[in-house]
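As structure tokens, the structure follows; a few thoughts come after it.
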Amino acid sequence: MSAPRPPLRLAVALDAPPGSGAPVPYDAQHFVALARRAERGALDFVTLGDSFARPGLDAPAVLARVAPATDHIGLVPTVTTTHTEPFHVSTAVATLDWVSRGRAGWAVAVSTTEADAALFGRRAAAPPAEVWREAGEVADVVARLWDSWEDDAEIRDRAGGRFIDRDKLHHVDFTGSSFAVRGPSIVPRPPQGRPVTLVDVPPAAGPAGVPGAGETTDVSDRAVREVAAAHADVALVRADDPQTAGAARAELRARARALGRDPDLLLVLASLPVELAGPADAAGLAELLGDWHAAGAADGFHLRPADPARDLALLVDGTVPALRDRGLRPPGRPGGTLRDHLGLPRPASRYAPAREGS
Amino acid sequence: MMSPTSPTPPPRKQIHLAAHFPGVNNTTVWADPGSGSHIAFSSFAHLARTAERGLFDFFFLAEGLRLREHKGRIHDLDVVGRPESLTVLSALAAVTERLGLAATVSATFNEPYELARRLASLDHLSGGRAAWNVVTTSDAFTGENFRRGGYLDRADRYTRAAEFVATARELWDSWTADGQPRPFAHRGEHFAVHGEFTVPRSPQGHPVVIQAGDSPEGREFAASAADVIFTRHSGAEAGRAFYADVKGRLARYGRRPGDLKIMPGVTFVLGDTAAEAQEHAAEIRRRQVSPQHALLALEQVWGVDLSAYDPDGPLPDIDPDPHGELAQGRVRIADPKAVADKWRALSRAKGLSIRETVIETTGRQSFIGTAQDVAAQMDAFVQTDAADGFILVPHLTPGGLDPFVDRVVPLLQERGVFRTEYSGATLRSHLGLPEPARTGGKGGRP
Ligand SMILES: Cc1cc2nc3c(=O)[nH]c(=O)nc-3n(C[C@H](O)[C@H](O)[C@H](O)COP(=O)(O)O)c2cc1C
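Chains as they are written, first to last, in the working numbering: chain W, 1 to 358; chain V, 1 to 446.
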């Protein structure tokens, strides 16, 4: 079946790139203003990076603060899985989805440094490949916890005195290599069913491997791609040219298919640094994005501005209208949730059919 | 509503008020036609805005990290499920301006660096309104949801909580007055952490610390480290005894009585007349104790399956099984046989059924009457040192607090015992707590 060409998905990072020297913002208003600007450009979502060692506020808290101050924009904070309890990851992201009425996602990340480990004092730093494998298990159990309440579990049966139908709540009984979670979640199933899971994938190594990149890097990169192929709704690939991005996309889709997933449910966005000097740059960027998109390099783009406040204004006023003129961005919004913006269906709970079948 | 011409009374103790989002227990009447969503953000926003309209000190969220089970199945008679506290409060910071925002967060299933960072983030995002209700959990049942598991010995729960709070304070103190991070290092029985805290000192310096726990260890921990105690002692006499006990512990830590506010959790029912309020209160209790609830309450005491009993019939003749373990995720009843005997005696004396007995013995509302009566009772409670204020627990979501704010708050203001406007921006200022002194980067407070 040949469908009309899907729109180009568009997202932007709210944080200035590391090492940019920009002052670290600690006030809510800074983030609200940026998110509102992105929303004015009808972008699909904003991301906010996080790690325990980076100066700055807790990213999920910042985007929860932004949620009531915005209406449409998707909100995707980074959450690290190495030192945080998987159960807490699941409830925090589910709650972000509730307070934003279905606009939440999370970017899966890990901690690999001894410095991070020392902040917790619970476990030693582990090699990236190992913590990424664990991150895959965390992404798995987090989604299971979101599914652990079926959508219609709350029944308020007044005659029977029952608030929920407990047959529609499920223990997840997940056992990973380093943790176990019994469940069910303490948070009812969030509006999107499953908030959007995003994985930032390192540049593809290429068939022969990148000269100089040691075997360890290769192993850990493969572990990240494996997590993306198995668990991500959106993968970000950092690439300098459409060929590299396209190859990474093809590889991720093939891997997802091999894992039994529908590859169309894994969107691959090229993640590009942008630095716009003026309106002509903004229009030029629209040309470039349109060309990459036409070449099948990506399902859309995640832009990382050098100066978020300045670049976002140019993006919204220059790049987005130009994309719209080319028919690459929808004039209106099909629905209210981040999944709606991205054209991703709302998944049913994996536990629901088991009951219907019995 | 202030009457500026009334004669100036001697200065009276000011009442502190907090609003508890209706909980996952049978105080909350979900079957009421006026009961709205317990999970939609709009319900949280409504209650928080109502509390702020009433100039409350803070809004309070409880926490439970494992759904309760009864007879091996998820407990389904009460509201089940709630959002994660700190995330909801970060969002509420966007729709309120002055109201304190208090999250209950377990000291057992979290780590100091991460939680100190989340709390400091909330304090920044809310302009100095964050509070942390430090609770302890030691049960293996809840531990099954966590890496950490349920190994924590009951005796260790407060040593861990105290060291947790002390460590968090070291992190909150780790930035210099001119905004530079300094490395921290903490090595103790429960935590060995070092590095750099990545959040500058927040508007309150330290978020407000609340403690809820009643044992001698719990009270001692509160006396040493908390700014507010959330207690269940809501009767006047028990309240005064608790108040005297806890305030008496403060001097040992170099603290003054005003440094720790005692706030019992209380319920209220209003009516246009006293009789109407009593009638309404009885009706609410009937709704709180459904026939299914009555049997469940009995099973929690007896520790055995009583589903064959008629809730409208007499109490069981059999004695409780002292080793029965039907309920998971609840506080255990210390002497089930004594409770059973008391209930049977009451039932015989008044000719009460199972359900009527449970209604009679559980959860009479704390304050019942006209708005005038309730304001007077609350005032007397505070003036006689049974409390410094109250954490109000409405029985209805999200509108349960509105009548109190509309009708009782103005009367408290008229009595000169409750603020008529917020005088400061932070929760510390609402509670009259000093800004915490900055320690030298080693160790917490004395
Ligand atoms: C008024 C009150 C409220 C409490 N709220 C919570 C809560 O929301 N979540 C929780 O896990 N524990 C809660 N607790 C339990 C305490 O943290 C503690 O585990 C329990 O009271 C046992 O400690 P104790 O022996 O010192 O009383 C509460 C306790 C009290 C007295």
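Cβ atoms here follow ideal geometry from the backbone N, Cα and C, with glycine treated the same way.
Predicted, not measured: the structure shown is a model, and the values here were computed from it.
Let's test the definition: count the other Cβ atoms within 10 Å of the Cβ of residue i and tell me whether it reaches 16, buried, or not, exposed.
i	result
GLY278 (chain W)	exposed
GLN383 (chain V)	exposed
ARG66 (chain V)	buried
GLU170 (chain V)	buried
GLN413 (chain V)	buried
HIS341 (chain W)	buried
LYS350 (chain V)	exposed
GLY209 (chain W)	Note that GLY209 (chain W) scores 43 on pLDDT, short of 50, meaning its location in the model is unreliable; the coordinates nonetheless yield the value given after this. With fewer than 16 Cβ atoms within 10 Å of its Cβ, GLY209 (chain W) is classed as exposed.
LEU48 (chain W)	buried
LEU265 (chain W)	exposed
THR273 (chain V)	exposed
PRO434 (chain V)	exposed
Taking a contact to mean a Cβ-Cβ separation below 9 Å, would you say residue i touches residue j in this structure?
i	j	result
SER174 (chain V)	GLU196 (chain V)	yes
ASN133 (chain V)	VAL79 (chain V)	no
ALA93 (chain V)	LEU122 (chain V)	yes
ILE74 (chain V)	ARG68 (chain V)	yes
PHE87 (chain W)	TYR113 (chain V)	no
SER85 (chain V)	THR108 (chain V)	no
SER185 (chain W)	TRP132 (chain W)	no
GLY400 (chain V)	HIS16 (chain V)	no
PRO190 (chain W)	VAL46 (chain W)	no
GLN230 (chain V)	GLN211 (chain V)	The sequence shown places Phe at residue 230 (chain V), not Gln. Yes, these two residues count as a Cβ contact at 9 Å.
ARG304 (chain W)	ALA31 (chain V)	no
Does residue i have its Cβ less than 9 Å from a Cβ in chain V?
i	result
LEU48 (chain W)	no
TRP149 (chain W)	yes
GLU85 (chain W)	yes
ASP58 (chain W)	yes
ILE186 (chain W)	yes
ALA352 (chain W)	no
VAL32 (chain W)	yes
HIS363 (chain W)	Outside the shown range of chain W, which is 1 to 358, sits residue 363 (chain W), and nothing can be said about it.
LEU119 (chain W)	yes
PRO68 (chain W)	yes
LEU362 (chain W)	Outside the displayed span of chain W (1 to 358) sits residue 362 (chain W), for which this structure offers no information.
PRO55 (chain W)	yes
PHE301 (chain W)	no
SER178 (chain W)	yes
Looking at chain W, is there any beta carbon in it that lies within less than 9 Å of the beta carbon of residue i?
i	result
ARG438 (chain V)	no
ALA94 (chain V)	yes
ALA155 (chain V)	no
VAL165 (chain V)	no
MET1 (chain V)	The predicted position of MET1 (chain V) is uncertain, since its pLDDT is 47 and thus under 50; no value can be drawn from it.
HIS20 (chain V)	no
ILE359 (chain V)	no
GLY195 (chain V)	yes
ASN133 (chain V)	no
SER290 (chain V)	yes
Ordered along the chain, which non-local residues of its own chain (more than five positions away) have a Cβ less than 6 Å from that of residue i?
i	result
ALA235 (chain W)	VAL199, VAL201, ALA228, LEU252, VAL268
SER366 (chain V)	SER234, VAL266, THR267
ARG194 (chain W)	ALA143, TRP146, PRO347
HIS186 (chain V)	THR167, GLU170, VAL193
Take residue i and list the residues in its own chain whose beta-carbon comes closer than 7 Å to its own, dropping the five residues that flank it on each side.
i	result
ALA313 (chain W)	ARG37
SER423 (chain V)	SER429
SER43 (chain V)	GLY36, SER37, THR397, PRO398
ARG219 (chain V)	ASP245, VAL246, ARG249
VAL187 (chain W)	THR91, ALA94, THR95
THR337 (chain W)	GLY102, ARG103, PRO191, GLN192
THR27 (chain V)	THR267, GLN288, GLY363, VAL393, HIS395
Give every residue of the same chain whose Cβ lies closer than 8 Å to the Cβ of residue i, excluding the five residues on either side of it in the sequence, and list them in chain order.
i	result
GLU360 (chain V)	LEU346, LYS350, LEU352
VAL32 (chain W)	ARG65, VAL66, ALA69, THR70
ARG330 (chain V)	ARG68, GLN300
So, do the stretch 9 to 21 of chain V and the stretch 70 to 80 of chain W have three or more beta carbon pairs nearer to each other than 8 Å? no
Any chance the stretch 203 to 210 of chain V sits against the stretch 111 to 126 of chain V, with 3 or more Cβ pairs inside 8 Å? yes
Per the contact definition of three or more C-beta pairs closer than 8 Å, is the stretch 298 to 317 of chain W in contact with the stretch 100 to 118 of chain W? no
Three CB pairs or more closer than 8 Å across the stretch 281 to 299 of chain W and the stretch 233 to 249 of chain W: yes
Do the stretch 161 to 178 of chain W and the stretch 56 to 72 of chain W touch if we need at least three Cβ pairs shorter than 8 Å? no
State whether the stretch 300 to 309 of chain V contacts the stretch 327 to 340 of chain V, with contact taken as three or more CB pairs (one from each stretch) at a distance under 8 Å. yes
Pairs of beta-carbons, one from the stretch 282 to 290 of chain V and one from the stretch 369 to 388 of chain V, closer than 8 Å: are there three or more? Because the criterion of three Cβ pairs below 8 Å is not met, the stretch 282 to 290 of chain V and the stretch 369 to 388 of chain V do not touch.
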